[in-house]
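Here the structure is laid out as structure tokens; the discussion comes afterwards.
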Amino acid sequence: MTKTKKYVRIKKSSNPAYWYADQIGEVFEVEGMDDTDYAVFIEDIGSSLVLKKDAELIVTEKRPAKVGEKVLILDDFNEPNYMLHDVVPVIGGGDEHGVAVRKLGEWPIYLNNEQYEVIVNNEEDDEVENVEQRYDIAVETARDAIEELRLAAYAKGYEDARRELMAQAPVEKTAQERRDEIVERAKADVSGLLKRDIGHDHEFIVNTEKRTVVVLRKLRGCTNIVRRGIAKAAPDDCFNVHIGEAIALHRALGLEVPDEYLNAPQPTEVRVGDVVAYRVFSKTIDYVTVVADGEPTGGGRAALTSLAVKHGKIIDDSRTGVGE
């Protein structure tokens with residue numbers, strides 16, 4: 026049987042005079058407990074007591090974690106977004122080498138099996154589970170109420186019931202579907218604007234490293250630049266050359282840029298031809314172009330279902346060299 030360990034995380038201090046009043050959020054290993062207190066070991070102090078009502082109990086096992094489990098980080102490595110004693114979910118790996126973990130909104134990192142313990146019981150998670158159980162009961166009750174409403178509507182007459190039951194809210198498109206539409210609209214927009222701007226030539230300068238698109242509007246047959254337009258992707262945005270060209274061309278023509286180009290949703294589905302950023306074991310960031318499974322990889326290329334692509338971040342979905 027796998028040996029378990031117990032820790033407590035200080036959540037509050039019932040009395041400002043308690044030794045842990047300035048230790049809120051800190052985690053300590055448990056040596057023992059009774060009905061009201063945890064005994065923890067503090068370096069330079071020795072065993073000290075913590076009121077149970079002031080702390081959250083965390084029970085762990087030392088074993089390889091599985092995807093979906095949560096782990097307690099035990100290594101104080103140099104990673105500002107992942108700290109010692111953070112609780113993080115496992116999103117990949119789960120073998121003799123280690124696991125990939127990821128906080129919401131952060132880059133994933135890799136932990137070797139010596140850098141964590143698997144959480145098997147957590148009071149805070151138990152509270153969440155109770156909330157989820159209450160939610161399930163509420164949903165079931167709501168279903169019963171809806172069924173009663175359906176029967177009552179039917180009793181009022183077939184036509185009334187049909188209207189009430191068939192009325193549906195419009196299906197909202199996903200962020201990826203909206204982005205796909207915006208990209209196609211940007212392509213068509215650029216084509217139409219170029220055709221209508223008679224008497225001018227247009228030079229597009231794309232810099233994928235700086236994530237910029239510049240349009241130089243010149244008199245037809247001349248090198249004189251009449252006007253220029255610039256588009257630059259925000260640091261946290263995914264670069265798309267088609268959206269960038271549409272923004273830059275609008276600015277070069279002195280036109281107002283449509284809001285949908287400036288606030289396009291970020292991509293959520295990785296596709297062949299995308300450029301993905303991911304963090305490697307050395308904590309540096311690498312970039313790869315996504316290729317179909319079965320195609321040669323390496324040299325800046327990674328397969329669509331690889332771990333790097335699966336847990337990376339899309340930074341460029343222009344896919345200019347791929348037939349879409």
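Numbering (the working numbering), first residue to last: 26 to 349. Positions of the beta carbon are idealized from the N, C-alpha and C atoms, including for glycine.
When the five nearest sequence neighbours on each side are left out, the beta carbons in the same chain lying within less than 6 Å of the beta carbon of residue 264 are those of 236, 258, 341, in order along the chain. No residue range can be given for residue 234, since it is assigned to no beta strand (DSSP E) and is classified by DSSP as neither H nor E. Annotation for residue 318: 328, 329, 330 place their beta carbon closer than 7 Å to its own, counting only its chain and skipping 5 residues before and after. Within the same chain, and ignoring the five residues on either side of residue 112 in sequence, the residues whose Cβ sits closer than 7 Å to its Cβ are 95, 97, 144. The DSSP-derived three-state label of residue 210 is helix. Under the DSSP assignment, residue 274 falls in the alpha helix (DSSP H) whose first and last residues are 266 to 277.
Cβ-Cβ separation between residue 90 and residue 124: approximately 5 Å, consistent with a contact (criterion under 8 Å). If you look at residue 280, you'll find it isn't in any alpha helix (DSSP H); DSSP assigns it neither H nor E.
Between residue 243 and residue 222, the CB-CB gap reaches or exceeds 8 Å. Judged by beta-carbon spacing, residue 245 lies beyond the 8 Å limit of residue 277, meaning their Cβ atoms are not closer than that value. Contact annotation: the segment 27 to 37 touches the segment 75 to 87, with at least three C-beta pairs closer than 8 Å.
It is roughly 13 Å from the alpha-carbon of residue 108 to the alpha-carbon of residue 133.
DSSP places residue 124 inside the beta strand (DSSP E), whose first and last residues are 123 to 126.
With at least 16 other beta carbons inside 10 angstroms of its own, residue 299 counts as buried. Separation of the CB atoms of residue 73 and residue 44 is rounded to 6 Å, and the pair is thereby assigned contact status at 8 Å. Residue 27 and residue 196 have their C-alpha atoms some 48 Å from each other. Secondary structure note for residue 113: it is in no alpha helix (DSSP H), and the uninterrupted beta strand (DSSP E) holding it is 112 to 118. Going by C-alpha positions, residue 344 is about 14 Å away from residue 231. Exclusion of the five residues before and after residue 250 leaves 241, 242, 243 as the residues of its chain whose Cβ lies within less than 8 Å of its Cβ. Per the C-alpha coordinates, the member of 118, 216, 289, 281 positioned closest to residue 203 is 289. For residue 259, there is no enclosing beta strand (DSSP E), as DSSP gives it neither H nor E.
DSSP, read as helix, strand or coil, puts residue 286 in helix. Counting the other Cβ atoms within 10 Å of the Cβ of residue 142 gives 16 or more, which makes it buried.
Selection 261, 214, 119, 301 evaluated against residue 282 yields 214 as nearest (Cα-Cα). For residue 327, the enclosing beta strand (DSSP E) begins and ends at 326 to 328. Annotation: the continuous beta strand (DSSP E) that includes residue 52 extends over 52 to 58. Here residue 294 has 201 as same chain residues with Cβ atoms under 8 Å from its own Cβ, once five neighbours each way along the sequence are excluded.
DSSP places residue 333 in the uninterrupted alpha helix (DSSP H) bounded by 332 to 335.
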